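For reference, the structure is listed below as structure tokens.
2 protein chains.
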Amino acid sequence: MSRWQPDARERLEQAAIALFVEQGFAATTVPQITARAGLTTRTFFRHYADKREVLFAGDEIPAMAARMMADAPPDADPMTLILDGLETVTRTRFDPRRHDLRQRRRIVRSDPALQERDLRKRAALSEAIRSGFESRGLGPTQAALLAETALTLLYVSLDEWLDADDDAPLHTYIEKTLSVLRDTIA
Amino acid sequence: MSRWQPDARERLEQAAIALFVEQGFAATTVPQITARAGLTTRTFFRHYADKREVLFAGDEIPAMAARMMADAPPDADPMTLILDGLETVTRTRFDPRRHDLRQRRRIVRSDPALQERDLRKRAALSEAIRSGFESRGLGPTQAALLAETALTLLYVSLDEWLDADDDAPLHTYIEKTLSVLRDTIA
DNA sequence: GACGTGATGGCACGCCATGTCATCACGTAG
DNA sequence: CTACGTGATGACATGGCGTGCCATCACGTC
Numbered sequence: 000m001s002r003w004q005p006d007a008r009e010r011l012e013q014a015a016i017a018l019f020v021e022q023g024f025a026a027t028t029v030p031q032i033t034a035r036a037g038l039t040t041r042t043f044f045r046h047y048a049d050k051r052e053v054l055f056a057g058d059e060i061p062a063m064a065a066r067m068m069a070d071a072p073p074d075a076d077p078m079t080l081i082l083d084g085l086e087t088v089t090r091t092r093f094d095p096r097r098h099d100l101r102q103r104r105r106i107v108r109s110d111p112a113l114q115e116r117d118l119r120k121r122a123a124l125s126e127a128i129r130s131g132f133e134s135r136g137l138g139p140t141q142a143a144l145l146a147e148t149a150l151t152l153l154y155v156s157l158d159e160w161l162d163a164d165d166d167a168p169l170h171t172y173i174e175k176t177l178s179v180l181r182d183t184i185a
Numbered sequence: 000m001s002r003w004q005p006d007a008r009e010r011l012e013q014a015a016i017a018l019f020v021e022q023g024f025a026a027t028t029v030p031q032i033t034a035r036a037g038l039t040t041r042t043f044f045r046h047y048a049d050k051r052e053v054l055f056a057g058d059e060i061p062a063m064a065a066r067m068m069a070d071a072p073p074d075a076d077p078m079t080l081i082l083d084g085l086e087t088v089t090r091t092r093f094d095p096r097r098h099d100l101r102q103r104r105r106i107v108r109s110d111p112a113l114q115e116r117d118l119r120k121r122a123a124l125s126e127a128i129r130s131g132f133e134s135r136g137l138g139p140t141q142a143a144l145l146a147e148t149a150l151t152l153l154y155v156s157l158d159e160w161l162d163a164d165d166d167a168p169l170h171t172y173i174e175k176t177l178s179v180l181r182d183t184i185a
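Chains L and D are the protein sequences, given in the same order.
The first sequence lines up with residues 0 to 185 when you count with numbering that gives the first Met the number 0.
The second sequence lines up with residues 0 to 185 when you count with numbering that gives the first Met the number 0.
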């Protein structure tokens with residue numbers, strides 16, 4: 000028998016989400032979360048830098064983006080790179096978690112502090128993509144524009160995908176959004 | 000003689016910026032700011048919702064955007080609306096404040112919490128534009144894309160404009176950025 | 001059996017942010 | 001001239017956030 004139950008991190012996350020749903024993010028205290036998880040306040044902050052981070056843990060997606068961009072052939076077309084990258088990321092990280100993402104969106108929308116953190120995570124992904132394009136030799140303006148455009152496509156499409164009740168993968172929404180973007184900007 | 004010196008808000012802002020430059024945002028406490036401004040901690044939070052807000056006070060720009068979009072002729076082209084709006088906003092609110100904006104950017108970049116607030120202000124402007132386009136009858140996707148694209152143009156161009164040392168107005172950078180965007184996406 | 005490691009508990013502490021009430025200059029009505 | 005309302009500030013208490021520091025204890029290793 001171990002001294003502590005395993006999966007402290009997961010227990011903290013589940014307890015936090017449950018309490019956020021029950022009584023809201025701001026009204027939930029860290030001691031409440033840790034009490035439900037059977038841990039102490041100090042331990043919470045060892046796993047998460049702050050109270051919001053329990054909803055945003057992990058930077059696997061920026062890492063995935065950086066890896067894909069570094070591994071792609073040097074002459075790949077930038078927009079193709081973005082669409083292929085979005086296809087892979089959404090298929091593996093978004094499509095299977097539609098219900099979770101809806102619940103998470105509902106919580107995030109309920110509190111400005113959570114929206115700020117969400118925007119920071121979005122910025123982190125944008126920066127990873129921008130940096131990847133610069134490493135591939137693109138100019139600073141083009142790299143920044145491509146990264147921002149990729150995030151715009153992802154977030155605008157994600158919102159519509161979460162609102163819809165079909166079974167289409169997120170990528171089909173992204174392709175439709177891109178075609179609207181092309182028509183609108185030209 | 001009045002009981003208190005006037006311009007409490009301005010004194011707080013100037014004291015805060017000076018201290019942020021001297022010792023960093025995180026290392027500066029609200030009592031330090033209010034002491035330098037000759038006020039109390041409680042008064043600081045009457046003027047600003049939190050410590051970060053002293054750097055981001057005012058939502059005149061989203062309001063200006065909303066007004067311009069409501070006043071424009073009903074048949075105006077969306078992209079023209081964006082470019083004209085950006086031209087007016089940058090000429091009146093950015094071009095005359097280049098030095099201040101550089102200092103502000105340096106402070107914001109030094110602290111993640113300030114970056115988050117900056118992103119929230121960006122999102123607020125995007126939302127104002129999106130809402131304006133929806134009121135003008137555009138579809139949700141198009142409205143969201145136009146708003147996000149406007150913000151991308153503004154922020155990407157702003158960064159390059161603040162890095163440069165010419166005397167060109169910000170809008171010339173925006174036009175150049177837009178042409179790069181059109182070439183890149185097509 | 002001794003020792004290092006790693007996760008947790010426990011405690012103290014400073015700062016952030018808010019609620020509440022008191023204070024006091026100013027303007028205005030009577 | 002006085003009384004009153006108004007609005008900004010001061011003063012105090014409070015609760016939650018986040019961190020530094022050290023102790024504890026199971027586990028694996030030597």
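The beta carbon of each residue, even a glycine, is placed where N, CA and C say it ideally should be.
It should be emphasised that the depicted structure is a prediction, and the values quoted were computed from it without experimental measurement.
| Item | Value |
| --- | --- |
| Against chain D, which members of the segment 115-126 of chain L pass a CB distance test of less than 7 Å? | GLU115, ARG116, LEU118, ARG119, ALA122 |
| Output the distance between the C-alpha atoms of L:ARG105 and D:GLU52, rounded to the nearest integer angstrom. | 25 Å |
| Taking C-beta to C-beta, are D:SER125 and D:LEU150 nearer than 8 Å? | yes |
| Let's test the definition: count the other Cβ atoms within 10 Å of the Cβ of D:ALA143 and tell me whether it reaches 16, buried, or not, exposed. | buried |
| Output, in chain order, the set of chain D residues within a Cβ distance shorter than 7 Å of L:GLU147. | THR151, VAL155 |
| Taking 8 Å as the cut-off, decide whether the C-beta atoms of L:ALA123 and L:ASP58 are in contact. | yes |
| Show which residues of chain D have a CB atom less than 7 Å away from the CB atom of L:THR140. | VAL155, GLU159, THR176, VAL179 |
| Would you mind sorting L:ARG2 into buried or exposed? The rule is 16 or more other CB atoms within 10 Å of its CB. | exposed |
| Using the three-state DSSP reduction, which class does D:GLU160 fall into: helix, strand or coil? | A small fix is needed here, since residue 160 of chain D is Trp in this sequence, not Glu. Reduced to three states, the DSSP call for D:TRP160 is helix. |
| Pick out the complete beta strand (DSSP E) segments inside the segment 46-121 of chain D, 3 residues or longer, and give them in chain order. | none |
| Along chain L, in chain order, which residues have C-beta atoms closer than 9 Å to that of D:PRO77? | THR183 |
| How many angstroms separate the CA atom of D:ALA167 from the CA atom of D:THR89? | 12 Å |
| Compare the beta carbon distance of L:ALA36 and L:LEU11 with 8 Å and say whether it is the shorter of the two. | yes |
| Any beta-carbon of chain L closer than 8 Å to the one on D:ALA167? | no |
| Hey, is the segment 53-72 of chain L in contact with the segment 81-96 of chain L, meaning 3+ C-beta pairs nearer than 8 Å? | yes |
| Mapping DSSP to helix, strand and coil, what is D:ARG135? | coil |
| Using C-beta distances below 8 Å, list every residue in its chain close to L:ARG96, excluding the 5 sequence neighbours before and after it, in chain order. | none |
| DSSP three-state call for D:GLN4: helix, strand or coil? | coil |
| Between D:VAL107 and D:ASP117, how many whole angstroms is the CB-CB distance? I'm expecting something under 8 Å. | 5 Å |
| Under the three-state reduction of DSSP, which class applies to L:PRO168: helix, strand or coil? | coil |
| At a cut-off of 7 Å, is D:SER178 close to the ligand GDP when judged by its beta-carbon and the heavy atoms of the ligand? | For the structure depicted, the ligand GDP is absent and the ligand set is empty, with no information on it obtainable. |
| Note the first and the last residue of the continuous alpha helix (DSSP H) segment covering L:THR33. | 29-36 |
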